[in-house]
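**Q**
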Amino acid sequence: MTAPLSPDGSGRPGQERFFVQGPHSRVTEFIFTLKVMREFIKGFRALHFLGPCVTVFGSARFNEDHMYYQLARRMGAELSKMGFVVMTGGGPGIMEAANRGARDVNGKSVGCNITIPKEQHPNPYLDKFVMLDHFFVRKVLLLKYSYAFVVLPGGFGTLDELFETLTLIQTGKISHFPVVVMGSEYWKPLCEQLEKMKQEKTIVPEDLDHLIITDDVNAALEFIRHHSVDEYGLTKRTSPKPLGIFGERKWSGW
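The numbering used here puts the first residue of the sequence shown at 102, with every later residue one more than the last.
1) Please determine, among L151, V231, E179 and G159, the residue with the shortest C-alpha to C-alpha distance to E197.
2) Write down the C-beta distance between C213 and V186 rounded to the nearest angstrom, noting that I regard them as a contact closer than 8 Å.
3) For V121, does the count of other Cβ atoms within 10 angstroms reach 16, so buried, or fall short, so exposed?
4) Report the residue from T336, G144 and F131 whose alpha carbon sits nearest the alpha carbon of F236.
5) Taking only the alpha-carbon atoms, compute the straight-line gap between G255 and L151 and give it to the nearest angstrom.
6) Flag this pair as yes or no: are the beta carbons of E179 and V305 separated by less than 8 Å?
7) Which residues in the same chain as H311 place their Cβ atom closer than 8 Å to its Cβ, once the five residues preceding and following it in sequence are excluded?
8) Could you name each continuous alpha helix (DSSP H) segment of 4 residues or more that falls completely within the segment 244-286, going from the start of the chain to the end?
9) So, helix, strand or coil for G144, using DSSP?
10) By Cβ distance, which residues of its chain are closer than 7 Å to G191, with the 5 residues on each side in sequence left out?
11) Would you identify the three-state DSSP class for G212, choosing helix, strand or coil?
12) Can you tell me the Cα-Cα spacing of A161 and Q171, whole angstroms?
13) Near V252, which residues of its chain fall below 6 Å by C-beta distance, leaving aside the five closest residues on each side in sequence?
14) Since I314 sits in a beta bridge, which residues does DSSP pair it with?
15) To the nearest angstrom, report how far apart Y246 and A199 are at their CA atoms.
16) Does DSSP put T303 in a helix, a strand or coil?
17) Please look up how many angstroms separate the CB atoms of R174 and R201, rounded, as I've assumed it's under 8 Å.
18) Which one of Y333, D261, T134 and S181 has the shortest CA to CA distance from G208?
19) Which class does T336 belong to by DSSP, given the choice of helix, strand or coil?
20) Would K274 be called buried (16 or more neighbouring beta carbons within 10 Å of its own) or exposed?
21) Mind checking P193: buried by the 16 CB within 10 Å criterion, or exposed?
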């Protein structure tokens with residue numbers, strides 16, 4: 102039996118779909134590993150000197166007239182005023198709104214953009230972005246540099262990002278950073294599911310200690326301030342020193 106073809110039908114390696122369709126030759130999987138390593142290094146080099154970030158997750162499908170777009174834009178602005186770099190997936194919709202909010206107040210915004218057939222293209226409000234081929238690399242970068250996470254309404258991808266973040270916090274793989282979920286009416290079934298999970302003891306109440314569901318921007322900001330800025334002693338700090346031998350340049354965040 103032969104291995105399935107890659108998504109474009111060519112059989113070429115390097116795509117996630119191709120990679121997870123079973124074992125391939127040792128050479129193919131070694132080359133794939135090198136490509137993933139190269140992509141991680143590209144992301145690390147691009148984002149290393151940012152300073153503390155807050156990542157905003159949400160759908161690419163809301164336009165600027167939608168209330169969730171406006172909410173994300175306001176959050177982006179307020180997070181920038183607190184001194185954070187606003188980080189998103191770099192695309193349209195909620196991501197664009199948060200980056201746009203940062204731009205509104207002369208804050209810094211960055212994006213980790215993913216190459217997919219539709220919807221995903223870098224929005225015009227990014228000061229810096231990195232283009233990626235693999236979702237798992239993108240998610241690592243969106244988590245690695247942030248001290249808080251804001252989740253607005255979205256689809257499968259947003260749910261994936263929310264629950265991966267909560268899982269990493271629950272299992273101690275990342276610190277207990279604050280997670281702010283906004284758009285309470287949209288997330289009402291999720292709230293009911295979380296209560297059900299507590300009742301069935303598949304999670305414990307402490308798993309949600311650093312999660313808040315609110316539509317109140319001020320409450321969200323205070324929650325982040327308490328559980329991120331104060332708890333981790335964040336200040337306007339000096340970023341790691343660039344090394345010219347590696348072609349590095351300082352990019353001021355805080």
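Using N, Cα and C, we set each Cβ at its ideal position, and we do this for glycine too.
**A** According to the structure shown:
1) G159
2) No, C213 and V186 are not in contact; Cβ-Cβ is about 12 Å, not under 8 Å.
3) exposed
4) Proximity to F236 across T336, G144 and F131 peaks at G144, based on C-alpha coordinates.
5) 26 Å
6) Result no, Cβ atoms of E179 and V305 do not sit closer than 8 Å.
7) I270, H277, F278, P279, V280 and H328
8) 257-271
9) helix
10) G212, C213, N214, P223, N224, L227 and F230
11) strand
12) 14 Å
13) F158, L263 and V282
14) V282
15) In this structure, the straight-line span from the alpha carbon of Y246 to that of A199 is close to 17 Å.
16) In this structure, T303 counts as coil in the three-state DSSP scheme.
17) R174 to R201, Cβ: 5 Å. Contact.
18) Comparing Cα positions, the closest option is S181.
19) coil
20) exposed
21) buried
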